[in-house]
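*Asks:* Protein chains in written order, with full-length UniProt numbering: chain F, 1 to 344; chain L, 1 to 344. The beta carbon of each residue, even a glycine, is placed where N, CA and C say it ideally should be. Since we're looking at a predicted model, the values are computed, not measured. Have a look at this one.
Number of protein chains: 2
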Amino acid sequence: MATIDDVAKASGVSKGTVSSVFSKKRPISKEVTERVLAAAKSLHYKPNYWARSLVSRSTRILGLNIRGESLEFGQFHHSLLNGVLRVCYENGYRLLVNALSPAYLSQVENISSDPVDGEILLDPIASDGRIEDRLQSGMPIVIIGRPPAPYEAQVSYVDNDNVGMAAQVTRYLIGLGHTEILFLNAPVSRTVSADRGEGYRSAFKQAGLQPKPDLILHKPLKGESAHAFGYESALAMLTASPDITAVIADTDMMALGVYKAAERLGLRIPEQLSVFAFSDDTVLSPEFSPPLTGVRLHADRLGVEALKLLLEQLNAAQKSAKRVLVPTELVIRGSCAAPGARGR
Amino acid sequence: MATIDDVAKASGVSKGTVSSVFSKKRPISKEVTERVLAAAKSLHYKPNYWARSLVSRSTRILGLNIRGESLEFGQFHHSLLNGVLRVCYENGYRLLVNALSPAYLSQVENISSDPVDGEILLDPIASDGRIEDRLQSGMPIVIIGRPPAPYEAQVSYVDNDNVGMAAQVTRYLIGLGHTEILFLNAPVSRTVSADRGEGYRSAFKQAGLQPKPDLILHKPLKGESAHAFGYESALAMLTASPDITAVIADTDMMALGVYKAAERLGLRIPEQLSVFAFSDDTVLSPEFSPPLTGVRLHADRLGVEALKLLLEQLNAAQKSAKRVLVPTELVIRGSCAAPGARGR
DNA sequence: AAGTAGCATTAAACCGCTTTAACAAAACCT
DNA sequence: AGGTTTTGTTAAAGCGGTTTAATGCTACTT
């Protein structure tokens, strides 16, 4: 590959001049510009990206960081990615998808700063090392999901209104006549689980009822798949407490587990058991029988808003912690109904 | 951000030593290693990615290049991306999604070599500047889809067996009794359209029939959406030639246009018109009424195989042009049947 | 005509790291 | 003991660009 020196020599100018021709940061006479460009073309010269980034301290690359443990790229993530990519496309940024295993990152020889101008962090957990890390190094970030409390005032983030959404759903189920509602929540450490738990409880209180703490279960962060967790915990709980008439599941896969448990127990959905999922999977949900009632999260808008915040932050003189909430909508299909008798 | 010099100073060694501690390319005594690492931690030092890449001439980033004109990120692309990401994850590579608008790329100040070790090129067209470009600069590439003829022997690529697949489908329709089969093909310039066209024709010849050239239409590369093209060309052709009893569409969106045209003309599917699409969209296809018969392309495997080839190429001493074909499967749903009367 | 301002260009310093060549100290032969 | 390896460290020379300060020019004042 030809370097800037080759081009400088070939066109009879200094490398500083060649640099200016390409970066357009300083005016160069038309005549010289043409000579340089011609030489560059014949030598197949292109400025080296890394060298340029090294000194200009900018790459026009944005990062999308996915926690290493979970490379579960479902429709939610894809939809989000779509949103992010669109904004990148429009603004001339490339997108670096950063999904590296923790095992890889923990090795000394792989430690390094990230090669991006800014980053979007997905799916924050309670003690999320990534945030501290970026704050430390001054890397602009936007989080999708609510950051853990200590950082909430320090970083910008985009989120659904998880509290409100969970409350709405719970109200909906209470309105149908349910009072014993099992909540199979996300892993405790994920911030989203706290919010949804709060919404769940508040709806109960608002209705003048006492939420029962033992009806909230959390999926473990690692290990067990969502499906297995849905199946096993629903099976156990439904067997132990015959009063339960409805289940709120965190994801569609988890809901699928619940369906399976219901089948095993001979419970008809929705007549004997209502099932709900925090999901907007247009593939799976309608395929369920009965079709799964859930909520549309608008992952693409989460992506778009996050990237906009990030770009804003890159161009702003001083940082500020902004928050954007993306509204959600209940999608009522066929898996919830008024509670019926649960005879054995 | 602290630099290597700061760490060297703080731990009382030279920067060469610090470098060796982090890169592990040269043995450093345990005692010194610890001292350096401690100093690095307290200074929040991380090696600068760009500086490192500049001299080591490697970034551990792979690129996924999408032709600028088409940022139509559908399920095919997502599935492909999933495959690619999985292999990246396992091998400690980051993925750079390169979807920049052509308008942006054409500006002088934005020309520069790509900051990746290797690249996957999606959706090649007849005169694809990207390939020549990469060959020129010595950038390792793997193409998904068949590269244009002049490059076929020079670059590695992964593809479906488009010729065989198109032949299989056409045989299937001929077997059902169709002889007048309209083929709404991909844009002429896309290499995939030539292959599918060939398969279509060969099936006719094999059955002792003459394929009619005017029954093959190509979507324009830009402009019109697939849906609009499907609708308009089907409407025109079906009106002009009442003998047509089947349509092979390039994509599901195009097939949707055909459905719409059929409805407009009062043609029932599949009784009066069979429709087929080269698509495996699990969202859309079953939603069609009747459900759309198509073909499963296994985009994720395309991605996985492409990335494997790329990694192989990066590690190999000398390059070689390999080819991997990913098999496809007919997915028979409800949109094709034996031809019936097409009374007006 | 002299002085000032503006413009295009260049040489040299620098960005933060890796690597080469040189070297000292310790370990291994006979 | 003397010579040869091995091991650990360093100073200095890049990697391929950008940027700063300096330098000739030409053009504009007055």
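For residue 47 of chain L, which residues in chain F fall below 8 angstroms Cβ to Cβ?
*Replies:* Residue mapping note: residue 47 of chain L aligns to position 47 of the second sequence, counting from 1. What residue 47 of chain L touches in chain F: 111, 112, 113.
*Asks:* Tell me which residues share the same chain as residue 13 of chain L and place their Cβ nearer than 8 angstroms to its Cβ, disregarding the 5 neighbours each side in the sequence.
*Replies:* Counting from 1 along the second sequence, the entry for residue 13 of chain L is found at position 13. These residues qualify, in order along the chain: 32, 35, 36.
*Asks:* Are the CB atoms of residue 323 of chain L and residue 157 of chain L within a distance shorter than 8 angstroms?
*Replies:* Against the second sequence, residue 157 of chain L aligns to sequence position 157. Against the second sequence, residue 323 of chain L aligns to sequence position 323. Taking 8 angstroms as the Cβ cut-off, residue 157 of chain L and residue 323 of chain L qualify as a contacting pair.
*Asks:* Would you kindly report the start and end of the unbroken alpha helix (DSSP H) that includes residue 94 of chain F?
*Replies:* Residue 94 of chain F sits at position 94 when you count from the first residue of the first sequence. Note, residue 94 of chain F: premise wrong, no alpha helix (DSSP H); beta strand (DSSP E) at 94–98.
*Asks:* For the putative contact between residue 331 of chain F and residue 250 of chain F, defined by C-beta atoms under 8 angstroms, what is the C-beta separation to the nearest angstrom?
*Replies:* Numbered from its first residue, the first sequence carries residue 331 of chain F at position 331. Numbered from its first residue, the first sequence carries residue 250 of chain F at position 250. Not quite, the Cβ-Cβ distance comes to about 16 angstroms (not below 8 angstroms), so this is no contact.
*Asks:* With a threshold of 8 angstroms on Cβ separation, who are the neighbours of residue 17 of chain L within its own chain once the five nearest residues in sequence on each side are excluded?
*Replies:* For the purposes of this step, residue 17 of chain L is taken as residue 17 along the second sequence, with counting starting at 1. Here the set comprises 8, 28, 32, 36.
*Asks:* Buried or exposed, going by whether 16 or more other CB atoms sit within 10 Å of the CB of residue 11 of chain L?
*Replies:* Indexing the second sequence from 1 puts residue 11 of chain L at position 11. That one is buried.
*Asks:* Would you list the residues sitting across from residue 345 of chain F in a DSSP beta bridge?
*Replies:* Residue 345 of chain F lies beyond the residue range present for chain F, which begins at 1 and ends at 344; the question has no answer from this structure.
*Asks:* What residue range does the alpha helix (DSSP H) around residue 298 of chain F cover?
*Replies:* In the first sequence, the residue the question calls residue 298 of chain F occupies position 298. Run containing residue 298 of chain F: none; DSSP gives neither H nor E here.
*Asks:* Does the beta-carbon distance from residue 166 of chain F to residue 199 of chain F come in below 8 angstroms?
*Replies:* What you label residue 166 of chain F is simply residue 166 of the first sequence in a count that begins at 1. What you label residue 199 of chain F is simply residue 199 of the first sequence in a count that begins at 1. Yes, they are a contact pair.
*Asks:* Who are the Cβ neighbours of residue 80 of chain F in its own chain at under 6 angstroms, not counting the five residues just before and after it?
*Replies:* Mapped onto the first sequence, residue 80 of chain F falls at position 80. Result list for residue 80 of chain F: 299, 302, 303, in chain order.
*Asks:* Mind checking if residue 336 of chain L is an interface residue toward chain F, Cβ cutoff 8 angstroms exclusive?
*Replies:* Taking the second sequence and counting its residues from 1, the one referred to as residue 336 of chain L is at position 336. So no, residue 336 of chain L is outside the interface.
*Asks:* Compute the distance between the beta-carbons of residue 178 of chain F and residue 277 of chain F, then report whether it is under 8 angstroms.
*Replies:* As a working note, residue 178 of chain F is residue 178 in the first sequence. As a working note, residue 277 of chain F is residue 277 in the first sequence. Cβ atoms of residue 178 of chain F and residue 277 of chain F: not closer than 8 angstroms.
*Asks:* According to DSSP, simplified to helix, strand and coil, what is residue 218 of chain L?
*Replies:* As a working note, residue 218 of chain L is residue 218 in the second sequence. Note: residue 218 of chain L maps to strand in three-state DSSP.
*Asks:* Would residue 159 of chain L be called buried (16 or more neighbouring beta carbons within 10 Å of its own) or exposed?
*Replies:* In the second sequence, residue 159 of chain L corresponds to position 159, counting from 1. Result: buried.
*Asks:* Can you confirm whether residue 1 of chain F, when its beta carbon is compared against all beta carbons of chain L, has any partner nearer than 8 angstroms?
*Replies:* Start at 1 with the first residue of the first sequence, and residue 1 of chain F comes out as number 1. Chain L contact via Cβ: present.
*Asks:* Just to confirm my understanding: we take residue 2 of chain F, look at its own chain, exclude 5 residues before and 5 after, and list those with CB closer than 7 angstroms. What are they?
*Replies:* The residue labelled residue 2 of chain F in the question sits at position 2 within the first sequence. Excluding sequence neighbours, residue 2 of chain F sits near 43, 44, 45.
*Asks:* Candidates F:274, F:102, F:187, F:108: which alpha carbon is nearest residue 123 of chain F's?
*Replies:* Position 123 of the first sequence, counting from 1, holds the residue named residue 123 of chain F. Taking only the C-alpha atoms, the option nearest residue 123 of chain F is F:187.
*Asks:* Which first and last residues belong to the alpha helix (DSSP H) in which residue 174 of chain F is found?
*Replies:* Taking the first sequence and counting its residues from 1, the one referred to as residue 174 of chain F is at position 174. Residues 162–176.
*Asks:* Taking the alpha-carbon of residue 196 of chain L as reference, which of L:93, L:84, L:295 has the nearest alpha-carbon?
*Replies:* Looking up residue 196 of chain L in the second sequence gives position 196. When only C-alpha atoms are compared, the closest one is L:295.
*Asks:* What residues in the region 34–63 of chain F bring their beta carbon closer than 8 angstroms to a beta carbon of chain L?
*Replies:* Taking 8 angstroms as the Cβ-Cβ cut-off against chain L, the residues of the region 34–63 of chain F that qualify are 37, 44, 46, 47, 48, 49, 50, 51, 52, 53, 54, 59, 61.
*Asks:* Using a cut-off of 9 angstroms between C-beta atoms, extract the partners of residue 22 of chain F located in chain L.
*Replies:* Here residue 22 of chain F corresponds to residue number 22 of the first sequence, with the count starting at 1. Result: 108, 109, 111, 112.
*Asks:* Does residue 315 of chain L pass the burial test, meaning 16 or more other C-beta atoms within 10 Å, or should it be called exposed?
*Replies:* Translated into positions along the second sequence, residue 315 of chain L becomes position 315. Under this definition residue 315 of chain L is an exposed residue.
*Asks:* How should residue 114 of chain L be labelled, buried or exposed, when 16 other C-beta atoms within 10 angstroms of its C-beta is the threshold for buried?
*Replies:* Along the second sequence, one-based indexing puts residue 114 of chain L at 114. Result: buried.
*Asks:* What are the start and end residues of each continuous alpha helix (DSSP H) run of 4 or more residues lying completely inside the region 192–243 of chain L, in chain order?
*Replies:* Correct list: 226–240.
*Asks:* Helix, strand or coil: how does DSSP classify residue 360 of chain L here?
*Replies:* This structure leaves residue 360 of chain L out entirely; chain L is present only between 1 and 344.
*Asks:* Consider the Cβ of residue 343 of chain F: report whether some Cβ of chain L lies at a distance smaller than 8 angstroms.
*Replies:* Here residue 343 of chain F is taken as the residue at index 343 of the first sequence, counted from 1. With a pLDDT of only 49 at residue 343 of chain F, under the threshold of 50, the placement of this residue in the model should not be trusted; the figure read from the coordinates follows. No, residue 343 of chain F does not count as interfacial toward chain L.
*Asks:* Compare the beta carbon distance of residue 112 of chain L and residue 52 of chain F with 8 angstroms and say whether it is the shorter of the two.
*Replies:* Here residue 112 of chain L is taken as the residue at index 112 of the second sequence, counted from 1. Here residue 52 of chain F is taken as the residue at index 52 of the first sequence, counted from 1. Result yes, Cβ atoms of residue 112 of chain L and residue 52 of chain F sit closer than 8 angstroms.
*Asks:* Which residues mark the beginning and the end of the beta strand (DSSP E) in which residue 183 of chain L is found?
*Replies:* The residue you call residue 183 of chain L lines up with position 183 of the second sequence. Unbroken beta strand (DSSP E) run through residue 183 of chain L: 181–185.
*Asks:* Within the same chain, show all residues whose beta-carbon is closer than 6 angstroms to that of residue 61 of chain L, passing over the 5 residues directly before and after it, in chain order.
*Replies:* The sequence position of residue 61 of chain L within the second sequence is 61, counting from 1. Excluding sequence neighbours, residue 61 of chain L sits near 94, 96, 116.
*Asks:* Please confirm if residue 137 of chain L has its CB atom under 8 angstroms from at least one CB of chain F.
*Replies:* What you label residue 137 of chain L is simply residue 137 of the second sequence in a count that begins at 1. So yes, residue 137 of chain L belongs to the interface.
*Asks:* Taking the CB atoms as reference points, tell me whether residue 292 of chain L and residue 333 of chain L lie closer together than 8 angstroms.
*Replies:* As a working note, residue 292 of chain L is residue 292 in the second sequence. As a working note, residue 333 of chain L is residue 333 in the second sequence. Their beta carbons are under 8 angstroms apart, which means residue 292 of chain L touches residue 333 of chain L by this criterion.
*Asks:* Going by the beta-carbon positions, is the gap between residue 274 of chain F and residue 252 of chain F smaller than 8 angstroms?
*Replies:* Sequence index remark: in the first sequence, residue 274 of chain F carries index 274 (1-based). Sequence index remark: in the first sequence, residue 252 of chain F carries index 252 (1-based). No; because the gap between Cβ atoms is not below 8 angstroms, this pair is not in contact.
*Asks:* The beta strand (DSSP E) that contains residue 48 of chain F, what's its start and end?
*Replies:* Counted from its first residue, the first sequence places residue 48 of chain F at position 48. From DSSP, residue 48 of chain F is part of no beta strand (DSSP E); its letter is neither H nor E.
*Asks:* Could you tell me which of L:305, L:224, L:269, L:54 sits nearest to residue 120 of chain L, measuring between CA atoms?
*Replies:* Translated into the one-based positions of the second sequence, residue 120 of chain L becomes position 120. Here the closest residue by C-alpha is L:305.
*Asks:* Let me know if residue 205 of chain F comes out buried or exposed under the rule of 16 or more other beta-carbons within 10 Å of its beta-carbon.
*Replies:* Within the first sequence, the letter at position 205 stands for residue 205 of chain F. By the neighbour-count rule (16 or more Cβ atoms within 10 Å), residue 205 of chain F is not buried but exposed.
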